[in-house]
Amino acid sequence: MAKVTILTTGGTIASRPGAGRMAHGDEVLGTVPGLHEAAEIVHEEFCVVASSQMTPRMMFNLGKRAGEVLSGDVDGVVITHGTDTMEETVYMLDMVVPGPKPVVITGAMRTAEEVGTDGARNLLEAVQVAASPQARSRGAMLVLNDEIHLGRFVAKVHSSNPRAFGSPAQGRAGEVHGSQPVFYVPQSPRKPVPADDIVTDVDLVRLYSGADDRLIKACVAGGARGVVVEVMGKGNVPRGILPGLDECRKAGVPVVMVTRCQAGPVEIGRLEDQFGCINGGEMTGLKARLRLMLALAAAGQDRGPERMRQFFA
Ligand code: ASP
Numbered sequence: 001m002a003k004v005t006i007l008t009t010g011g012t013i014a015s016r017p018g019a020g021r022m023a024h025g026d027e028v029l030g031t032v033p034g035l036h037e038a039a040e041i042v043h044e045e046f047c048v049v050a051s052s053q054m055t056p057r058m059m060f061n062l063g064k065r066a067g068e069v070l071s072g073d074v075d076g077v078v079i080t081h082g083t084d085t086m087e088e089t090v091y092m093l094d095m096v097v098p099g100p101k102p103v104v105i106t107g108a109m110r111t112a113e114e115v116g117t118d119g120a121r122n123l124l125e126a127v128q129v130a131a132s133p134q135a136r137s138r139g140a141m142l143v144l145n146d147e148i149h150l151g152r153f154v155a156k157v158h159s160s161n162p163r164a165f166g167s168p169a170q171g172r173a174g175e176v177h178g179s180q181p182v183f184y185v186p187q188s189p190r191k192p193v194p195a196d197d198i199v200t201d202v203d204l205v206r207l208y209s210g211a212d213d214r215l216i217k218a219c220v221a222g223g224a225r226g227v228v229v230e231v232m233g234k235g236n237v238p239r240g241i242l243p244g245l246d247e248c249r250k251a252g253v254p255v256v257m258v259t260r261c262q263a264g265p266v267e268i269g270r271l272e273d274q275f276g277c278i279n280g281g282e283m284t285g286l287k288a289r290l291r292l293m294l295a296l297a298a299a300g301q302d303r304g305p306e307r308m309r310q311f312f313a
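Per this note's numbering, the very first residue in the sequence shown carries number 1; after that it's consecutive.
Shown next as structure tokens:
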């Protein structure tokens, strides 16, 4: 039987509003019929919080812990987590956890006290995926509502529906059929960012019609060590932000650009040449921000555009 360690962190899957509290992990696991038939389970509580209270540092530490667990006699790790920031944590796991063993995050859109509660099934399916040899070498995954999504692409797309996650860039990576994962995309090993720490002072600015440089300048004035800008379409920006980009360049604050669209790459050659901006590739601003935190730590003192681009290639 496969060995799966479950790290619990809180979220709606642990919420018991009727009792006015959030349950500890052992109580969450106790609500799942068939869990111990799916794998040999070890449980460890990481924290008990709503995911709105998760910080990048907590996500990083969670990834480091998952990596430690996986270096032992374990086949896979499952993490229970609130859905609100799950798309960020799963991408952090993708960048931090080395090796081919499955790392799967899951949660619930409905509490255990609601009609149609989804937490128990989601957790069971996450364990079934983590226990499967088919799930190796696929990066960190999110399992919810019978769907498997890759951490790199997944986003929360609905605030209340149990089908709350989507992967706009490529669709779901697989589904759980019965008790088995079925994958629609080939295996692709994780490529962890070699960072022993993170630099958390990274801001995210979304461009909108008529945007000027006030927010970007406020980031620099507020001490940001890096800024991610979600640009329009394939890489267009309102002229009003250009002085802000120049200020970042002069202050040595790397600016990573991704599209504000749900999916797609950017072409920012002119902004790269003029202001040293970095092309973040095809990912959301939320994910690029976490990647920049790791890149800044991994880069050490050399945070010039050429060096930083290596982390987004
Ligand atoms: N409030 C919850 C959270 O911790 C929402 C959820 O888990 O679905 O993110």
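Note that CB positions come from ideal geometry on N, CA and C, so glycine has one too.
Note that the structure is predicted; figures quoted are calculated from it, not measured.
Nonlocal neighbours in the same chain, by C-beta distance under 6 Å from C219, ignoring five residues either side: D203, V227
Out of G20, I13, P17, G18, point me to the one whose CA is closest to G30's CA. A check of alpha carbon separations from G30 across G20, I13, P17, G18 identifies I13 as the nearest.
Is it buried or exposed for H177, if we count other Cβ within 10 angstroms and need 16 for buried? Flag for H177 reads exposed.
Could you tell me whether any Cβ in chain D is nearer than 9 Å to the Cβ of V205? The question asks about chain D, but that chain is absent: this structure has only one protein chain.
The alpha helix (DSSP H) with H36 in it runs from where to where? 35-38
Under DSSP, the beta strand (DSSP E) around D203 begins and ends at which residues? Where D203 is concerned, the enclosing beta strand (DSSP E) stretches over 202-206.
Do three or more CB pairs link the segment 187-195 to the segment 164-176 at distances below 8 Å? no
Would you kindly report the start and end of the unbroken alpha helix (DSSP H) that includes P326? The question about residue 326 has no answer here: the residues shown for the chain are numbered 1 through 313.
Ligand 1 heavy atom lying under 8 Å from the CB of G116: Residue side-chain check: G116 keeps its Cβ at 8 Å or more from all non-hydrogen atoms of ligand 1.
May I ask you to report which of helix, strand or coil DSSP gives K287? helix
Taking the C-alpha atoms as reference points, what is the distance between A173 and K3? 23 Å
Hey, quick one: how far does the alpha helix (DSSP H) through E272 stretch, first residue to last? 269-275
At a cut of 8 Å, does the segment 46-55 reach the segment 95-104 through at least three beta carbon pairs? no
Assigned secondary structure, N279 (DSSP; H/G/I helix, E/B strand, else coil): strand
Could you check the C-alpha separation between R303 and P254 for me, to the nearest Å? Each residue's Cα considered, the two are about 7 Å apart.
My understanding is that H43 touches G25, with C-beta atoms under 8 Å, so please give their C-beta distance in whole angstroms. Sure, about 6 Å apart at Cβ, within 8 Å.
Unbroken stretches of the beta strand (DSSP E), 3 residues or longer, contained in the segment 76-142: Here the runs fully enclosed are 76-80, 103-106.
Going by the C-beta, is M86 closer than 8 Å to any heavy atom of ligand 1? yes
Looking at the unbroken beta strand (DSSP E) that takes in V229, where does it start and where does it end? Here the beta strand (DSSP E) through V229 covers 226-231.
Residues bridged to F165 [DSSP beta-bridge criterion]: K156
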